[in-house]
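Worksheet for the structure shown next.
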């Protein structure tokens, strides 16, 4: 435990990235914007570190909630039909 | 939407437009709705976006990112309208970010500090109804709202959001970071107000 804490303080853990670095990269990691090596190091850290894993979990839950609410709406049929009609009109006009 | 047969009869441009652009009509509608905030304006925006896209189809490179191209057109139309109505103002100061809100400036999310004791898994998010989540998204400044919707709802990568909104990737990252934090705060406060979570720990911006 003490060794782990000291290692983290110096920014190094055998699991990959340090806690600080992993939390700093959390957004880009979740957005799939890290290069493969960094992503696997961050992933490894979150999998191994009990202190950091809940942060990832919380962020996942938040984003899942946004996605579900955001995806709810569908384009109404009448709008779809009017878009197609407008395009056909322009197409006919040449 | 017409069948593939009628699309073929209508010619290759129409067929291409069907398979590349019209398949994104739900996504463009959702985006327009989040930008405009009302159905009537969103309906007009969708129609104008696809008409504009049809007329400018020769500028689109088939097989590239049609969704973000359509979002670009939609957002430009929206911004032009609000500019005409003098309603739009940028509410974010991207030139002078506070150190505490810059990416990495506050490594531990205030949401974590506020919820770690009572609800570390964030299950309160699931108690909040869709309408409230949508309301919180629509209350974000336009720049943050656009970035959050493009990324978290529509799944666009930073580079495409940057291209669609005409800003560097770093700005996209920062808009996402701040937009998400604002949303988390708004949803947390709503959950406290509704009693979904007790607030032993106050929300503290770093």
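Residue numbers (this note's numbering), protein chains in the order written: chain A, 36 to 129; chain B, 1428 to 1633.
Glycine included, every Cβ here is placed at the ideal spot set by N, Cα and C.
Chain A has no Cβ within less than 8 Å of the Cβ of residue 1595(B).
Chain-order list of chain B residues neighbouring residue 117(A): 1474, by C-beta distance under 7 Å.
Contact between residue 1476(B) and residue 1497(B) is confirmed by a C-beta separation of about 6 Å, below the 8 Å threshold. Excluding the 5 residues flanking it on each side, residue 1623(B) has same chain C-beta neighbours closer than 6 Å at 1551 and 1554, in chain order. Annotation: the region 1523 to 1588 of chain B contains the following complete segments of the alpha helix (DSSP H) (minimum length 4 residues), in chain order: 1537 to 1542, 1557 to 1565 and 1569 to 1575. Residues of the region 95 to 108 of chain A whose Cβ lies closer than 9 Å to any Cβ of chain B, in chain order: 95, 96, 97, 98, 99, 100, 101, 102, 103, 104, 105, 106, 107 and 108. Of all C-beta pairs linking the region 1461 to 1476 of chain B to the region 1597 to 1606 of chain B, fewer than three are shorter than 8 Å, placing the two stretches out of contact. Across the structure, residue 51(A) and residue 77(A) are spaced so that their CA atoms are roughly 7 Å apart. Contact annotation: in the region 1447 to 1476 of chain B, residues whose CB is within less than 7 Å of a CB in chain A are 1452, 1453, 1456, 1457, 1460, 1470, 1473 and 1474. Relative to the Cα of residue 54(A), the nearest Cα in the group 100(A), 106(A), 109(A) and 84(A) belongs to 84(A). The Cβ-Cβ distance between residue 63(A) and residue 72(A) does not fall below 8 Å. Rounded to the nearest angstrom, the gap between the Cα atoms of residue 67(A) and residue 1588(B) is 14 Å.
The CB of residue 1540(B) never comes closer than 9 Å to any CB in chain A; the least such distance is about 11 Å. Counting only runs that start and end inside the region 52 to 86 of chain A, the alpha helix (DSSP H) elements of at least 4 residues fall at 54 to 59, 61 to 65 and 71 to 83. Within chain A, no residue has its beta carbon less than 7 Å from that of residue 1617(B); the closest one is some 12 Å off.
Taking C-alpha positions only, residue 75(A) is separated from residue 89(A) by approximately 18 Å. Those residues of the region 59 to 86 of chain A placed with their C-beta closer than 8 Å to a C-beta in chain B are 59, 62, 63, 66, 67 and 68, ordered along the chain.
No residue range can be given for residue 1485(B), since it is assigned to no alpha helix (DSSP H) and is classified by DSSP as neither H nor E.
With fewer than three CB-CB distances shorter than 8 Å, the region 1457 to 1465 of chain B does not count as touching the region 87 to 101 of chain A.
Nearest C-alpha to residue 86(A) among 1535(B), 1592(B) and 1455(B): 1535(B). The closest CA to that of residue 118(A), considering only 1500(B), 1495(B), 1479(B) and 1492(B), is found on 1479(B). Here residue 107(A) carries a coil assignment [DSSP, helix/strand/coil].
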